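*Asks:* Residue numbers for the sequence shown, in our numbering: 27 to 464.
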Amino acid sequence: MKVLVIGPGGREHAIVRSLLADPNVSEVHAAPGNAGIGKLVPTHAIDGNDPDAVAALATKLGVDLVVVGPEAPLAAGVSDAVRAAGIPVFGPSKAAAQLEASKAFAKQVMAEAGVPTAMARVASTAEEAADALDTFGAPYVVKDDGLAAGKGVVVTNNRDEALAHAQTCFDAGGSVVIEEFLDGPEVSVFVLCDGRNTVALSPAQDFKRIFDNDEGPNTGGMGAYTPLEWAPEGLVQEVIDRVAQPTVNEMAHRGTPFVGVLFVGLALTSRGTRVIEFNVRFGDPETQAVLARLKTPLGSLLLAAAKGELDKAEELRWSKDTAVAVVVASENYPDTPRTGDRIRGLKKADELEGVHVIHAGTKLDEEGKVVSAGGRVLAVVALGTDLVEARERAYDGVELIQLEGGQFRTDIGRKAARGEIKVVSSATGTLPVTKAKA
Ligand code: AMP
Ligand code: GLY
Numbered sequence: 027m028k029v030l031v032i033g034p035g036g037r038e039h040a041i042v043r044s045l046l047a048d049p050n051v052s053e054v055h056a057a058p059g060n061a062g063i064g065k066l067v068p069t070h071a072i073d074g075n076d077p078d079a080v081a082a083l084a085t086k087l088g089v090d091l092v093v094v095g096p097e098a099p100l101a102a103g104v105s106d107a108v109r110a111a112g113i114p115v116f117g118p119s120k121a122a123a124q125l126e127a128s129k130a131f132a133k134q135v136m137a138e139a140g141v142p143t144a145m146a147r148v149a150s151t152a153e154e155a156a157d158a159l160d161t162f163g164a165p166y167v168v169k170d171d172g173l174a175a176g177k178g179v180v181v182t183n184n185r186d187e188a189l190a191h192a193q194t195c196f197d198a199g200g201s202v203v204i205e206e207f208l209d210g211p212e213v214s215v216f217v218l219c220d221g222r223n224t225v226a227l228s229p230a231q232d233f234k235r236i237f238d239n240d241e242g243p244n245t246g247g248m249g250a251y252t253p254l255e256w257a258p259e260g261l262v263q264e265v266i267d268r269v270a271q272p273t274v275n276e277m278a279h280r281g282t283p284f285v286g287v288l289f290v291g292l293a294l295t296s297r298g299t300r301v302i303e304f305n306v307r308f309g310d311p312e313t314q315a316v317l318a319r320l321k322t323p324l325g326s327l328l329l330a331a332a333k334g335e336l337d338k339a340e341e342l343r344w345s346k347d348t349a350v351a352v353v354v355a356s357e358n359y360p361d362t363p364r365t366g367d368r369i370r371g372l373k374k375a376d377e378l379e380g381v382h383v384i385h386a387g388t389k390l391d392e393e394g395k396v397v398s399a400g401g402r403v404l405a406v407v408a409l410g411t412d413l414v415e416a417r418e419r420a421y422d423g424v425e426l427i428q429l430e431g432g433q434f435r436t437d438i439g440r441k442a443a444r445g446e447i448k449v450v451s452s453a454t455g456t457l458p459v460t461k462a463k464a
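(1) Please classify residue 97 as buried or exposed, where buried requires at least 16 neighbouring CB atoms within 10 angstroms.
(2) Using a Cβ distance threshold of 8 angstroms, determine whether the stretch 344 to 360 contacts the stretch 371 to 378, with at least three qualifying pairs required.
(3) Can you tell me which of the three DSSP states residue 395 falls into?
(4) Quick check on this structure: which residue in 162, 198, 263 and 199 has the alpha carbon closest to the alpha carbon of residue 181?
(5) Straight-line CA distance for residue 298 to residue 144?
(6) Could you tell me which residues DSSP puts in a beta bridge with residue 385?
(7) Kindly list the residues whose CB is nearer than 6 angstroms to the CB of residue 312, restricted to its own chain and excluding five residues on each side of it in sequence; keep chain order.
(8) For residue 250, is the beta carbon positioned less than 6 angstroms from some heavy atom of ligand 1?
(9) For the stretch 257 to 301, which segments carrying the beta strand (DSSP E) assignment without a break, of at least 3 residues, lie completely within its bounds, in sequence order?
(10) Does ligand 1 have a heavy atom nearer than 6 angstroms to the CB of residue 187?
(11) With a threshold of 6 angstroms, establish whether the CB of residue 302 neighbours any heavy atom of ligand 1.
(12) Sort 193, 261, 164 and 240 by Cα distance to residue 153 and report the nearest one.
(13) Taking only three categories from DSSP, how would you classify residue 359?
(14) Could you check what DSSP says for residue 115 in three-state terms: helix, strand or coil?
(15) Counting only runs that start and end within the stretch 306 to 385, where is the beta strand (DSSP E) found for 3 or more residues in a row?
(16) For a test of your reading of the model: does the CB of residue 441 fall under 6 angstroms from any non-hydrogen atom of ligand 1? Yes or no.
(17) Report all residues from its chain with a CB closer than 7 angstroms to the CB of residue 69; omit the five preceding and five following residues, and keep chain order.
(18) At a cut-off of 6 angstroms, would you count residue 207 as near ligand 1, judging by its Cβ distance to the nearest heavy atom?
Structure below.
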């Protein structure tokens with residue numbers, strides 16, 4: 027099987043790496059890729075967000091499957107164009123990608139499907155925003171309604187700051203979703219969907235804030251680990267039964283079937299499991315950790331999803347190891363990141379036992395040296411027999427990486443390794459009974 031992977035980041039590097047380990051995959055191409063992907067497979071310098079350009083490349087290469095990594099091409103309709111060219115594609119249509127592209131749309135679908143989530147209101151004026159903030163009270167949660175690469179959300183105790191974020195979104199011509207605050211640990215569950223069937227991957231935890239102890243602004247994600255020893259038994263089944271399957275059913279019912287990854291961002295709150303958000307693609311950097319443990323051949327699995335045949339796919343098999351991914355970001359991320367700096371130590375880190383480096387914002391300069399080219403530059407991924415060992419290995423790798431101004435969190439997976447994560451309520455049994463459509 028020949029596969030084309032669309033996207034420039036760490037998630038795509040991890041996907042390419044796993045595809046190459048699938049004995050049924052004979053050839054992998056990527057567009058546009060990055061320096062790390064370019065070391066593994068041929069890359070093509072097209073605009074990955076341009077539906078016609080992607081469909082034309084997929085046709086020219088004669089691939090059997092296109093895997094679309096990021097949200098932007100999905101929201102732009104890349105999957106639709108590839109499907110129209112008669113090529114199976116792993117990634118939702120433009121219409122189904124609205125589950126991520128519009129938070130207000132996602133809330134409607136969740137309401138219709140009976141999915142437990144935070145109470146929310148849409149606001150498009152300062153008055154509506156103030157009213158909604160006062161209805162829910164502090165801590166305040168204000169979300170840009172459109173795509174914002176994980177950075178459009180402000181969670182704050184400061185009412186003025188919450189109002190200011192809403193105003194910034196209004197000034198840009200948008201609206202906001204204001205929500206009740208969800209307490210409790212967050213979990214990312216990736217559910218493969220083929221339009222009808224759902225298969226959940228092993229849960230992971232992501233670290234959204236830039237600094238240790240969850241301080242500073244939100245980022246795209248600074249690290250991840252999986253599996254979650256502390257997660258309540260039955261969590262994955264609950265996610266399928268109460269969240270993913272009802273959502274997939276609702277999307278099919280609307281005539282916009284969902285094919286791809288439904289990324290369920292959850293909070294395990296004192297009042298039960300709640301969906302924080304949907305994304306319509308693999309999470310970054312969770313994917314770097316999750317795929318490091320997946321033993322089932324990835325290409326065959328994604329092709330089955332693309333063809334509506336997930337019910338015939340083999341059962342998932344996982345390594346017993348724990349995986350940790352620590353992101354190294356450039357100076358000033360998540361603001362305007364500094365780029366163009368040499369990255370050293372990549373090979374040394376890669377050679378450590380159980381460690382591999384996944385590139386994100388990297389490129390080759392004129393001399394063919396790897397330099398930083400984005401906010402999140404790379405992730406050091408490590409497998410270990412437990413979280414303690416995996417963390418040690420990942421941080422040993424990070425220590426070997428040299429990047430001027432580079433920043434990383436030192437506490438990825440630390441609380442879990444110390445047994446400090448508590449789920450107040452059990453995952454099952456505490457939810458309000460909601461009506462799920464058949
Ligand atoms: P989102 O883009 O919706 O995933 O939000 C980004 C991050 O903001 C989440 O991962 C949470 O850490 C935080 N967040 C979003 N919604 C809420 C909420 N209702 N309550 C508490 N934290 C939230
Ligand atoms: N790591 C969260 C995301 O991909 O949005």
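Just so it is clear, CB atoms sit at the ideal spot from N, CA and C, and this is done for glycine as well. All values reported here derive from a predicted model rather than from experimental measurement.
*Replies:* Taking the coordinates as given:
(1) The sequence position of residue 97 within the sequence shown is 71, counting from 1. Residue 97 is buried by the Cβ-count criterion.
(2) Too few Cβ pairs lie closer than 8 angstroms, so no.
(3) Taking the sequence shown and counting its residues from 1, one reaches residue 395 at position 369. DSSP, reduced to helix, strand and coil, places residue 395 outside both helices and strands of the structure shown, so it counts as coil.
(4) For the purposes of this step, residue 181 is identified with residue 155 of the sequence shown, where counting begins at 1. Nearest in C-alpha terms to residue 181, of all of 162, 198, 263 and 199, is 162.
(5) Locating residue 298 in the sequence shown gives position 272, counting from the first residue. Locating residue 144 in the sequence shown gives position 118, counting from the first residue. Across the structure, residue 298 and residue 144 are spaced so that their CA atoms are roughly 11 angstroms apart.
(6) Position 359 of the sequence shown, counted from the start, is the residue given in the question as residue 385. The beta-bridge partner set that DSSP reports for residue 385 consists of 404.
(7) What you label residue 312 is simply residue 286 of the sequence shown in a count that begins at 1. Contacts found: 214, 230, 232 and 250.
(8) Taking the first residue of the sequence shown as 1, we reach residue 250 at position 224. Result no, Cβ not under 6 angstroms from ligand 1.
(9) If we require 3 residues or more, the beta strand (DSSP E) runs fully inside the stretch 257 to 301 come out as 285 to 295.
(10) Numbered from 1 along the sequence shown, position 161 holds the residue referred to as residue 187. Not under cutoff, so the answer is no.
(11) For the purposes of this step, residue 302 is taken as the residue at position 276 of the sequence shown. True, at least one ligand heavy atom lies under 6 angstroms from that Cβ.
(12) As a first step, residue 153 must be located in the sequence shown, where it is residue number 127. When only C-alpha atoms are compared, the closest one is 193.
(13) Against the sequence shown, residue 359 aligns to sequence position 333. Residue 359 falls in the coil class under three-state DSSP.
(14) Taking the sequence shown and counting its residues from 1, the one referred to as residue 115 is at position 89. In this structure, residue 115 counts as strand in the three-state DSSP scheme.
(15) Within the stretch 306 to 385, the complete beta strand (DSSP E) runs of at least 3 residues are 348 to 355 and 381 to 385.
(16) Position 415 of the sequence shown, counted from the start, is the residue given in the question as residue 441. Because no heavy atom of ligand 1 lies under 6 angstroms away, the Cβ of residue 441 does not count as near it: no.
(17) Counting from 1 along the sequence shown, the entry for residue 69 is found at position 43. Result list for residue 69: 56, 57, 58, 59 and 63, in chain order.
(18) Taking the sequence shown and counting its residues from 1, one reaches residue 207 at position 181. Checking the Cβ of residue 207 against ligand 1 gives yes.
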